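Peer 1: Reading the sequence shown from the start, the letters are residues 586 to 751 in the working numbering. Quick reminder that beta carbons are idealized off the backbone N, C-alpha and C, glycines included. Keep in mind that this is a model prediction, so the values were computed, not measured.
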Amino acid sequence: MSFEMTKGLFKYDFTDQHAILGVPLDAEFNDIRKRYMKIARRLHSDTCSFEDQADKDWANQFLSKVVNPAYNKFSKESDRKEYNLLLAAIGKRVAKEQGKMQIESAAAKELATAKDLEEAYKTAVGKLALKQYESVQETQDAIAQISELNMVYLLRKERLGGAVGT
């Protein structure tokens, strides 16, 4: 099973657990847990509705090797705090390297200039999360796009002096 992401925060050698789970960067643990449960039901071998057996196998592998570890990052408070510190550091790095930043998705480009950052960000993440686990291709595309949204959100928050994750 191949899961190589090169867009958004993944470009910074950072595993964007929020993008994998399809939740905003400021999501509360209960919201993360609810989202994880939906994804787990969708991808688990007993309940997966993908038609093709290869897709079902991929879904089960993706659940165990990518989604479960992403959720585990949030399930213990100490891991959550460590992850949030890393997120704050990535935000600073994104701001420092913004000249090299390439934004590909339309949603992230819109977010870069949105007047109401918070509302635009949460709406865009929510739209992508709705279709995130509909198919193998949709999953990878949505994760990449959500991670780009997270990158732009971190950049704008850093510019405003309101770092995320601290």
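Measure the C-alpha to C-alpha separation of M590 and E636 and round it to an integer number of angstroms.
Peer 2: The alpha-carbon atoms of M590 and E636 are separated by roughly 25 Å.
Peer 1: If you check the beta carbons only, do F599 and L671 fall under 8 Å apart?
Peer 2: For F599 and L671, yes; Cβs fall inside 8 Å.
Peer 1: Are K681 and I688 closer than 8 Å when you measure CB to CB?
Peer 2: No, Cβ-Cβ distance for K681 and I688 is not below 8 Å.
Peer 1: Rounded to a whole number of angstroms, what is the C-alpha to C-alpha distance between V608 and D616?
Peer 2: Using only the alpha carbons, I get a separation of about 8 Å.
Peer 1: Please classify I731: does DSSP put it in a helix, a strand, or coil?
Peer 2: Helix.
Peer 1: List the whole-angstrom C-beta distance separating L740 from V652, where the pair is believed to meet the contact cut-off of C-beta under 8 Å.
Peer 2: Their Cβ separation, rounded to whole angstroms, is 26 Å, which puts L740 and V652 out of contact at 8 Å.
Peer 1: Are there 16 or more other CB atoms within 10 angstroms of the CB of T698, so buried, or fewer, so exposed?
Peer 2: Per the 10 Å Cβ criterion, exposed.
Peer 1: With H, G and I counted as helix, E and B as strand and the rest as coil, what does DSSP make of T751?
Peer 2: Note on T751: pLDDT 46, under 50, position unreliable in the model; the coordinate value appears next. Looking at T751 - three-state DSSP - the assignment turns out to be coil, as it is neither helix nor strand.
Peer 1: With a threshold of 16 other CB atoms inside 10 Å of the CB of T632, please say whether the residue is buried or exposed.
Peer 2: Exposed, since its Cβ has fewer than 16 Cβ neighbours within 10 Å.
Peer 1: Tell me which same chain residues have a C-beta within less than 8 Å of the C-beta of D664, skipping the five on either side of it?
Peer 2: The residues are N657 and K658.
Peer 1: Assess, as a yes-or-no matter, whether the segment 723-742 is touched by the segment 697-714 under the definition of 3 or more beta carbon pairs within less than 8 Å.
Peer 2: Output reads yes: the segment 723-742 touches the segment 697-714.
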